[in-house]
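Okay, structure first, notes after.
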């Protein structure tokens, strides 16, 4: 029984069957990659997991609880954090503030009317945020305007923000898309470190095979809205169906 | 039944004005991404083109008439328009009588010039600024324009009648087999509706069938890509601004016989036209036209006394009520696209 | 002190000093001089400065922090005023219950309107708030005349019941608003040579409330709640995927700013017990938007400056007429005098709208951050000069 | 209000609030030294002219301001004296008021009750105005009148036609020279019956605010008394600009007369629209369709242009009147400004003179003394014939003009012709008339 169980999920947009009959099981503490060619339904599937879309059929269970019909913030509070393709951070705020917000969300829940105490007097949150910044090697940037940082730093910050919520499942949507090689490798190292050192499950949607095979210990291949195959990386590498549907194109 | 037909006619007529203003507003928003609070002022300037032309046509020299006295008891000074001297009294009067239709020709170059100057001189510096800044600067411009007009023309409305040939009203009732006088409609308002239809049709045809229009439509959908193709989209957008100004201005010219123009007529229409645009869906031209007619007709029905008797005050709030209901049921207006103006 | 950071505290102290000494600061010219025209230190205008300051501070909590642009906030000021005047009519002339009720009523209205309007964002939100406010204005002006007084506004009458007070004073007049017996309109005057200064109870009452409002606003800006509101403005998507529900945050900000507006409305009614429907019109809502942007959106002091700027203009510039202009330039030769007067006349007196429009445009074009940015630029310029001087001086010593 | 009653107790508290120990108490001028608000102490006296300078009534406000400037000039002995020589009271000497030179300040009402009060307050508090006058709408008049009552200065209303100004919202410190809705109805009804017969079906369009209500009521009740029937009365929003949807159904209702209880821009637009619909060319119930505008002003007539031709209405005063007072005023105004004065200008000029004269007769600027001098004052020679300032409600009773749009105007000012001068008796009503019920004058207030 995996921490995330997707059963018979289907989603249709008008005449387009975006997801056919998706079954997926993500095991606890694994790094599970979902790959597939463009238009295979990867992003649709992801959106069904985080509450942005509601599938027409099927069920999505996280740790034994259904996530369907819940708002994104509720699903997040259940323990699923999401990293976007282009880093989504609070550009107008400082790096430290960016890091404090998820800490508040973790401590106070989805809404807390804490309007009359100074942010800086919330020592526990402040310490936690500072600690996370150090872990991300960003402590020196804490007073920087978040929007002014490089793309790699933004990605690092976003991942840090997600981690500071202590999620049980981290969803990454093409985390290295558009990155230079060096930045990509840094991100791979960071994610490796995270999965090695933390009690966390990672599900990653990725295009870049280098990233997938450096990180994943389980891979699902999606094609035309249905899972083609789910297996260990080395088996996927050798699978002729996968080669035909996907790897052949990029190779 | 007759009452309903009558209010539909009214609605179409009111709707034509709303649709014309909203059309120009949407053109500007759709192409340039600018929220133009000075658009009502363009409508007003158009109306004052008609006033100005009729002032030019009635430029006069005075002759002293000893047989009559003015209010101070001095001999009356009679004003004689120069057109009388040039074309004779009958032709001269006819020219003056036709001042409003003539103003259409007069207004087109002026409005395009006003539009282009406005875009090049002011608006283009605001493409990258937040919408709030655009609203504020165009609002300031609207105030300035209307105060300038007020300075030269006063605050009082200025009567600008239609040619005599279009006075009076057409009896639809008689034509449709009802009793006479039940469904009458003024000729000029019928003309206004027809005029609006022509302009709206013209703008759509222009965008649909000309290369220029196709580029502009492509630009409305994706400005950067079209710019990458090496097409000078900026210049085309400037021209579009001129066109939008001309549409608003012509709507204003033709409106003058319906209501005497005054300096604040643009502001009177401003809020309403924004409601129309938003109900139609920001950036959607068909939406703007549809919403214009829809709101015109609903407003007309709400002003029927049978309706007011049931819901007092409904005529005061109908437009806003419709806006609220539509925005809550159709998040992006009737025909709006996703993601436009939502941040 | 007050649990504030040093910079915030000094800002609060500066504002406090300015408001407390406003009667002096705003009356810099001798009472009989020609420049007395520009004196703004009379009770009504001073009250307006601080009341609209309260309004704009509250508006900034919504617009400046969350970025939601409401075009209907004047409606809350309006209902606040109506609530206060009804309190004067029915209960007592004491301003405290009136102001409390006006804040509560405005809070309720903003809760309902905010709840509905916040289902949409961007310009759709703006139009929804505009629609609600315009509906309230239109109805208050017409069919609700029995409750609102319609065109003439809701005013006190000699036969009001006033449960905890008298319907009429001994002299047969309508009693005036007061706080525990101290009349809002009572003033003391101080004459110092040619200068004269007026100290008005109502003004100081409003000023104290404004200072409290300002203090509360600082606390909100610096609180986790304030940080969440800025997060709403910055990236709602990230906020939702960080386990935070942005709806209640924005709604709370909307209601708080609505209550600020109600407070301003209650204060207005307390200074001058009449509530007119026009104060709910969209132009009045537009005015507070202008004040906020003009002063500097999202800054603490900006909205207060913007409010002062616009109210000064409305009340001082509109009163300059051609006679006054002629007096000013009387020392010039006649031809020149007439010329100058003719050039200036379109911009003052009845032309004050024109000048205001031009100023808006100039400020938006050249100072996008409003007056606060202007101040910072001037400040920066002086510092640069200062820095240059000090470097040139210190270099040889090294 | 700056200079108001400061009791000893209030004074102490005020001192405490205003900053204890700020200054030695003796240099605070104790305001109780003044007998009343803004008592003029030097050689001048300041009047406050509060007129619309922005907004749709700005032109009317500008004309009012011209009249005020003329009045000030005449009071100070300049010009030809205007109506001062024709005025039945000969107290005014042309040396100011009580020997004090008249000065004035101006403000902008914006035709909004809030803005008008703010502007009036600034004149009282800052400029020391002893009297406030002007305005172009009843909402403003009522709001400013109440303010003046509170502040303890006299309010001489400008153009305000609603019954409420001297009806349910009357105040002891406020005075109205202008006529009102009731008088319009009472003056119009007999003329209408005469011209159009007593068997008419009327359809009212009414501006949806206080003035509209009182005018509709007044015209309705006086025409119904003549035998007319009211088919319908529909309220139109103040912000309406296109009245087509209100006018189109008129013919369907079987009405043969349309009454437009509109003023300003509303009236210009509704009349223009009605004429556009060709209503006046129609025949209903075997009669020519007619339109009536209860309250006319020249500026509105100008805005509506040729559409006013032949349309009945009432007005307070018109420059074509041939009595000595009117002639003198028109000459004086026309010479200075080049065109004849409007009724708004006339009423404002007269109000200023009446105030000055009352002060002169009372021998004091104290509002209560002035009010007493004005109450029950009968005068003549100011253009409206014999006039009474009634003590019960501070309303002037005088002849009312019924006018008609002129068929062949000779100039842009010559738009109305006088059909009948309805004598004052016919338009006089009891102070407790139902249309004026509710409210009380209260007692006059001297302020500080």
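Protein chains in written order, with the UniProt record's numbering: chain A, 1 to 251; chain B, 1 to 343; chain C, 1 to 398; chain D, 1 to 448.
Ideal placement from N, C-alpha and C gives every residue a C-beta, glycine not left out.
Remember, it's a predicted structure, so these values are computed and weren't measured experimentally.
Residue 195 of chain B is positioned such that its CB atom lies no closer than 9 angstroms to that of residue 54 of chain B.
Proximity of residue 113 of chain D to chain C, defined by a Cβ-Cβ separation below 9 angstroms, is satisfied. Close partners of residue 268 of chain C in chain B (Cβ separation under 8 angstroms) are lacking, with about 24 angstroms as the shortest Cβ gap.
Comparing alpha carbon positions, the residue from A:119, A:224, A:57, A:85 closest to residue 208 of chain A is A:85. Neighbours of residue 319 of chain D in chain B, taken as residues at a C-beta separation under 9 angstroms, are given in chain order as 71. Each residue's CA atom was taken as its position, placing residue 60 of chain B and residue 189 of chain B some 31 angstroms apart. Proximity of the region 248–255 of chain D to the region 273–292 of chain D meets the contact definition, three or more beta-carbon pairs being nearer than 8 angstroms.
Using a 10 angstroms sphere on the CB of residue 381 of chain C, the tally of other CB atoms stays under 16, which defines it as exposed. Contact between the region 43–53 of chain D and the region 305–324 of chain D is absent: fewer than 3 CB-CB pairs across the two stretches fall below 8 angstroms. Per DSSP, the unbroken beta strand (DSSP E) holding residue 195 of chain C starts and ends at 195–200. By the 16-neighbour rule on beta-carbons within 10 angstroms, residue 271 of chain B is buried. Of all residues in the region 339–354 of chain C, only 349, 350, 351, 352, 353 place a beta-carbon less than 9 angstroms from a beta-carbon of chain D. Secondary structure of residue 16 of chain C (DSSP, three-state): helix. Along the region 122–145 of chain C, the positions whose C-beta sits under 8 angstroms from a C-beta of chain D are 138, 141, 142, 143, 145, read in chain order. Close CB contacts of residue 246 of chain D within its chain, under the 7 angstroms cut and outside five residues either way in sequence, are with 205, 234, 236 (chain order). The beta-carbon of residue 212 of chain C is placed no less than 9 angstroms from the nearest beta-carbon of chain A.
Residue state for residue 61 of chain A is assigned as strand, using DSSP reduced to three classes. Taking 3 residues as the minimum length, the beta strand (DSSP E) runs contained wholly in the region 179–256 of chain D are 201–207, 229–236, in order along the chain.
In this structure, the straight-line span from the alpha carbon of residue 226 of chain A to that of residue 22 of chain A is close to 5 angstroms. Leaving aside the five residues that flank residue 192 of chain B on each side, the residues in its chain whose CB is nearer than 8 angstroms to its CB run, in chain order, 13, 16, 17, 254, 255, 258.
Of the residues assessed, residue 314 of chain C falls on the buried side of the cut-off, its CB having 16 or more other CB atoms within 10 angstroms. With respect to the C-alpha of residue 252 of chain C, the residue from C:14, C:111, C:99 having the closest C-alpha is C:111. The C-beta distance from residue 290 of chain C to residue 360 of chain C rounds to 7 angstroms, short enough to fall under 8 angstroms.
Look at residue 106 of chain A: its C-beta is under 9 angstroms from a C-beta on chain C.
Restricting attention to B:302, B:46, B:323, the CA atom closest to the CA of residue 314 of chain B is found in B:302.
In terms of CA proximity to residue 250 of chain B, B:40 leads the group B:156, B:40, B:204, B:168.
Residue 15 of chain C is a Cβ neighbour of residue 211 of chain C, given a cutoff of 9 angstroms. Within the region 95–175 of chain B, the beta strand (DSSP E) runs of at least 3 residues that lie entirely inside it are, in chain order, 169–171. For the 9 angstroms CB-CB criterion, residue 83 of chain B and residue 63 of chain B do not form a contact.
If you check each beta-carbon in the region 23–52 of chain A against every beta-carbon of chain C, the ones closer than 8 angstroms belong to 50.
Assigned with DSSP and collapsed to three states, residue 287 of chain B falls in helix. When the beta-carbon positions are compared, residue 108 of chain D and residue 319 of chain C come within less than 9 angstroms of each other. Rounded to the nearest whole angstrom, the C-alpha separation of residue 125 of chain A and residue 104 of chain A is 7 angstroms. DSSP, reduced to helix, strand and coil, places residue 396 of chain D within a strand of the structure shown. Under the DSSP assignment, residue 185 of chain B falls outside any alpha helix (DSSP H), being part of the beta strand (DSSP E) whose first and last residues are 184–186.
Contact note: residue 331 of chain B reaches chain C through 119, 120, 124, using a C-beta cutoff of 9 angstroms and chain order.
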